[in-house]
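Student: No gaps in the numbering here: position 80 of the sequence shown is 81 in the working numbering, and each next residue is one more.
Note that the Cβ used here is the ideal one computed from N, Cα and C, for glycine as well.
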Amino acid sequence: MVEINDIPAEVRWSLATRAASALPLAYAKVYRERHGSELGEISQGIWTEGGKAQGALARAFGMPLKGAGDVARAFSTLSTVMLGPELKGDVEVAQGRDCARVVTTSCPYLSRAREMGEDPAVSICPDCRSYCTAAVGSLNPAYGITFEDRMCLGGETCQMRIEPER
Numbered sequence: 002m003v004e005i006n007d008i009p010a011e012v013r014w015s016l017a018t019r020a021a022s023a024l025p026l027a028y029a030k031v032y033r034e035r036h037g038s039e040l041g042e043i044s045q046g047i048w049t050e051g052g053k054a055q056g057a058l059a060r061a062f063g064m065p066l067k068g069a070g071d072v073a074r075a076f077s078t079l080s081t082v083m084l085g086p087e088l089k090g091d092v093e094v095a096q097g098r099d100c101a102r103v104v105t106t107s108c109p110y111l112s113r114a115r116e117m118g119e120d121p122a123v124s125i126c127p128d129c130r131s132y133c134t135a136a137v138g139s140l141n142p143a144y145g146i147t148f149e150d151r152m153c154l155g156g157e158t159c160q161m162r163i164e165p166e167r
């Protein structure tokens, strides 16, 4: 018999996060079928709370959070921890100014939406925005996030700029 430790850790992580990224879409689909409407604000509220968890995690791991580059790196790392290894991208830190860009090239939530035949613009875009905004604010409330390009709206990548709030 195969036991849990017989399955490589990276495979377990990948399978677990794949299932977890499908759950919100499955809940929303069942809700829509039974009630004829979207979860909307309820779903966004849940993702906001998930984003807020990043601040506590960053502090628990002793991550630096002073500048935009620190916030972007923490956001990117913790999003991968929370959403799984299918989330891929890079952090670009501006030279000479307090600004950084997170460029996502692969998103598990988008992949699950497509697999389930959902419209990403409706099914995941508002939730992602809620998660990202809350996450950055929880990491350092002096910083905000601006969405420049989004895969759920047809972009080739997601590009999010992190810089001091104005």
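1. Between the C-alpha atoms of Ile5 and Val12, what's the straight-line distance to the nearest angstrom?
2. Considering Ala101, what are the terminal residues of the beta strand (DSSP E) in which it resides?
3. Return the bridge partner residues of Thr147 from the DSSP annotation.
4. I'd like to know whether the C-beta atoms of Gly85 and Ser15 end up nearer to each other than 8 Å.
5. Give me whichever residues DSSP pairs with Val94 in a beta bridge.
6. Would DSSP call Lys1 helix, strand or coil?
7. Does the Cβ of Asp128 have 16 or more other Cβ atoms within 10 Å, making it buried, or fewer, making it exposed?
8. Excluding the 5 residues flanking Ser141 on each side, which residues of the same chain have their C-beta closer than 6 Å to its C-beta?
9. Does the separation of the CB atoms of Ser124 and Thr49 fall below 8 Å?
10. Near Met117, which residues of its chain fall below 6 Å by C-beta distance, leaving aside the five closest residues on each side in sequence?
11. In angstroms, rounded to a whole number, what distance separates the CA positions of Arg19 and Ser80?
12. Check each candidate in Val137, Glu119, Ala135, Cys159 and name the one with the smallest Cα separation from Glu34.
Tutor: In this structure, then:
1. 11 Å
2. 101 to 107
3. Arg162
4. yes
5. Ala101
6. Since the first residue shown for the chain is 2 and the last is 167, residue 1 is missing from the structure and cannot be characterised.
7. buried
8. Sequence inspection shows Asn at residue 141; the Ser mentioned does not correspond to that position. Leu66, Val72, listed in sequence order.
9. no
10. Leu26
11. 14 Å
12. Glu119
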